[in-house]
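**Q** So that we are looking at the same thing, I have put the structure below in structure tokens.
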Amino acid sequence: GTTIEPSTNKADIILLKTDLDGNELWSEQFGTPNPDTYEEGQDLIATNDGNFLMTGHSDFKSVLVIKADSDGMEIWRNSLADTLVGAIGQGLTESNDAYAVTGIVELTPSNADIYIGVLDKSTGFELWSATYGKVDYIDWGRSIIPRVNGGYAITGYNAEAIIIGGNDMTLVKTDIVGHTYTNYLQGKVYQDELLDCDLQPFEDGLKDWLVIAEGPERTFYGTTDENGFYNLIVDTGQYVLKVIPENGYWSNCGATEISIYPSSEYNIIEHDFGFIKPIQCPWLSVDASTGLVIPGEESVYSVTYFNSGTADAADAQVRVVLDEDLSYVGSSIPFSQQIDDSIYLFDIGDIPQNNGGN
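Taking my numbering as reference, the numbering of the sequence shown is continuous, increasing by one, and the terminal residue is 1647.
Pasting the structure below:
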């Protein structure tokens, strides 16, 4: 927190330790000799080596990080982002090999971004830092955690002006060196019933189709949802956006792929892909999956079927062939026929186009 000396009005960071009943054991202050400096503590964590790590700010102009031992004696301190207009440290975390701090850095009076700084544990030296935010928005990082597979997740909020406070919650996910993606490729993969290559409100979407944004350095993948919409989040750069048809019964209406170039951050690029049905025929697929299989115990298999063709399937039937080490116990629907000891037939009935079940 912060303690203020009444006679000089000087503000310093204070670290106070209590026992389990709230009785003060000791307190230490952290500041500078300059009586005009206002320093404030915003967050505190206990580190894995038995010490304390604090963050806050110095005159609202730099992110201040201080490490103290278990008795409150300073080990090191570092002032970060102090070349900018303004900065505040707000949240701390510890990973296996570094400390990380998040907060806010002011770029202009109307534009401030989320800040992250990753520090060496032994010296407090800044290993790397990054900022995230929209132009002319106030983006503020409030809390940070390490991700299991590397990188960090930051929560905070954003607003169109500092006086508004917070409009929306913000969640930022980074990789191990702070990279994050802010551009969205969106649209709908649909069945072009009017054959005019123009999406109409009544035209059905095609679900579970693969959408690819292929770039020279990295490629991003996504699938359409149950209404045919896709939403890929990508880095800046040049990409070829394309859709992979479920099978050979579909033909595209218009270009099979387009070139896109999100050259800056926080862009939304929209494009719809229409497909027609030159061949009227169902295309059925079936899949089976299960969890852990333990000998001597029952295992539940989920059998999923789907018609990705261009026509409804009439009187569909699923054939299940059991491994010789498996024996049938039961199923959510009864089998209609058993052949030998391992083949079971299940009558499904009609399966509409672009539908399925399990």
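Note that the Cβ used here is the ideal one computed from N, Cα and C, for glycine as well.
Among 1623, 1622, 1607, whose alpha-carbon lies nearest the alpha-carbon of residue 1640?
**A** To locate residue 1640, count along the sequence shown from 1; it is residue 351. The option with the nearest alpha carbon to residue 1640 is 1607.
**Q** Write down every uninterrupted run of the alpha helix (DSSP H) in the segment 1323-1364 whose length is 4 residues or greater and which is fully enclosed by it, in chain order.
**A** none
**Q** For residue 1485 versus residue 1507, is the C-beta spacing smaller than 9 Å?
**A** Here residue 1485 corresponds to residue number 196 of the sequence shown, with the count starting at 1. Here residue 1507 corresponds to residue number 218 of the sequence shown, with the count starting at 1. Cβ atoms of residue 1485 and residue 1507: not closer than 9 Å.
**Q** Determine, using beta carbons only, whether residue 1347 and residue 1316 come nearer to each other than 9 Å.
**A** The residue labelled residue 1347 in the question sits at position 58 within the sequence shown. The residue labelled residue 1316 in the question sits at position 27 within the sequence shown. Against a cut-off of 9 Å, the Cβ pair of residue 1316 and residue 1347 comes out as no contact.
**Q** Do you know whose CA, among 1320, 1314, 1297, 1296, lies nearest residue 1290's CA?
**A** Counting from 1 along the sequence shown, the entry for residue 1290 is found at position 1. Among 1320, 1314, 1297, 1296, the Cα nearest to that of residue 1290 is on 1320.
**Q** Kindly identify the DSSP beta-bridge partner or partners of residue 1417.
**A** As a position in the sequence shown, residue 1417 is number 128, starting the count at 1. Answer by DSSP bridge pairing, in chain order: 1407.
**Q** Give the DSSP-derived three-state secondary structure of residue 1635 in the structure shown.
**A** As a first step, residue 1635 must be located in the sequence shown, where it is residue number 346. In the structure shown, residue 1635 sits in a strand (DSSP, three-state: E or B).
**Q** Work out the CA separation of residue 1621 and residue 1597 for me, nearest whole Å.
**A** Taking the sequence shown and counting its residues from 1, one reaches residue 1597 at position 308. Taking the sequence shown and counting its residues from 1, one reaches residue 1621 at position 332. Looking at the backbone, the Cα of residue 1597 and that of residue 1621 are separated by about 24 Å.
**Q** Rounding to the nearest angstrom, what Cα-Cα distance links residue 1438 and residue 1421 in this structure?
**A** Within the sequence shown, numbered from 1, the residue matching residue 1438 stands at position 149. Within the sequence shown, numbered from 1, the residue matching residue 1421 stands at position 132. Each residue's Cα considered, the two are about 21 Å apart.
**Q** Rounded to the nearest angstrom, what separates residue 1490 and residue 1636 at their Cα positions?
**A** On the sequence shown, residue 1490 is found 201 positions in, with the first residue counted as 1. On the sequence shown, residue 1636 is found 347 positions in, with the first residue counted as 1. Roughly 35 Å between the two C-alpha positions.
**Q** Which residue wins for smallest C-alpha separation from residue 1429, given the options 1418, 1441, 1358, 1457?
**A** If you number the sequence shown from 1, residue 1429 lands on position 140. Checked all of 1418, 1441, 1358, 1457; the closest Cα to residue 1429 is 1457.
**Q** List the residues that DSSP assigns as beta-bridge partners of residue 1518.
**A** Numbered from its first residue, the sequence shown carries residue 1518 at position 229. The partner list for residue 1518 (beta bridge, DSSP) reads 1477.
**Q** Using a 10 Å radius around the Cβ and a threshold of 16 neighbouring Cβ atoms, would you call residue 1593 buried or exposed?
**A** Start at 1 with the first residue of the sequence shown, and residue 1593 comes out as number 304. Burial call: exposed.
**Q** Cutting at 7 Å between CB atoms, please list the residues of its own chain near residue 1646, excluding the five before and the five after it.
**A** For the purposes of this step, residue 1646 is taken as the residue at position 357 of the sequence shown. A distance below 7 Å between beta-carbons, with the five flanking residues on each side excluded, links residue 1646 to the following residues of its chain, in chain order: 1594.
**Q** Would you grab the beta carbon distance between residue 1431 and residue 1445 for me? Rounded to a whole angstrom, and I think it's under 8 Å.
**A** The residue given as residue 1431 occupies position 142 in the sequence shown. The residue given as residue 1445 occupies position 156 in the sequence shown. Indeed, because the Cβ distance is near 5 Å, the residues count as touching under 8 Å.
**Q** The beta strand (DSSP E) that contains residue 1439, what's its start and end?
**A** Position 150 of the sequence shown, counting from 1, holds the residue named residue 1439. Where residue 1439 is concerned, there is no enclosing beta strand (DSSP E), given that its DSSP letter is neither H nor E.
**Q** Helix, strand or coil: how does DSSP classify residue 1291 here?
**A** As a position in the sequence shown, residue 1291 is number 2, starting the count at 1. Reduced to three states, the DSSP call for residue 1291 is strand.
**Q** So what does residue 1532 bridge to, in DSSP terms?
**A** On the sequence shown, position 243 is the one that residue 1532 refers to. According to DSSP, which records beta bridges pairwise, residue 1532 is partnered with 1500.
**Q** Suppose the cutoff is 6 Å on Cβ atoms and the five residues either side in sequence are ignored; what does the same chain contact list for residue 1500 look like?
**A** As a position in the sequence shown, residue 1500 is number 211, starting the count at 1. Excluding residues within five positions, the ones whose Cβ falls inside 6 Å are 1511, 1519, 1532.
**Q** DSSP three-state call for residue 1494: helix, strand or coil?
**A** If you number the sequence shown from 1, residue 1494 lands on position 205. Three-state DSSP puts residue 1494 in a strand.
**Q** Checking 9 Å against the spacing of the C-beta atoms, do residue 1540 and residue 1527 come in under that value?
**A** Here residue 1540 refers to the residue found at position 251 when the sequence shown is read from its first residue. Here residue 1527 refers to the residue found at position 238 when the sequence shown is read from its first residue. No, the Cβ-Cβ distance between residue 1540 and residue 1527 is not below 9 Å.
**Q** So, is residue 1542 buried or exposed, given that buried needs 16 or more other C-beta atoms within 10 angstroms?
**A** Looking up residue 1542 in the sequence shown gives position 253. Buried.
**Q** How is residue 1624 classed by DSSP in three states: helix, strand or coil?
**A** Locating residue 1624 in the sequence shown gives position 335, counting from the first residue. Coil, per DSSP.
**Q** Span of the beta strand (DSSP E) holding residue 1645?
**A** The residue given as residue 1645 occupies position 356 in the sequence shown. Looking at the DSSP string, the run of the beta strand (DSSP E) that includes residue 1645 is 1644-1646.
**Q** Nearest to residue 1362 by alpha carbon, out of 1328, 1305, 1311?
**A** Taking the sequence shown and counting its residues from 1, one reaches residue 1362 at position 73. Nearest C-alpha to residue 1362: 1305.
**Q** Going by beta carbon distance, what residues of the same chain come within less than 7 Å of residue 1492, once the five residues before and after it are set aside?
**A** Along the sequence shown, one-based indexing puts residue 1492 at 203. Contacts found: 1479, 1480, 1481, 1482.
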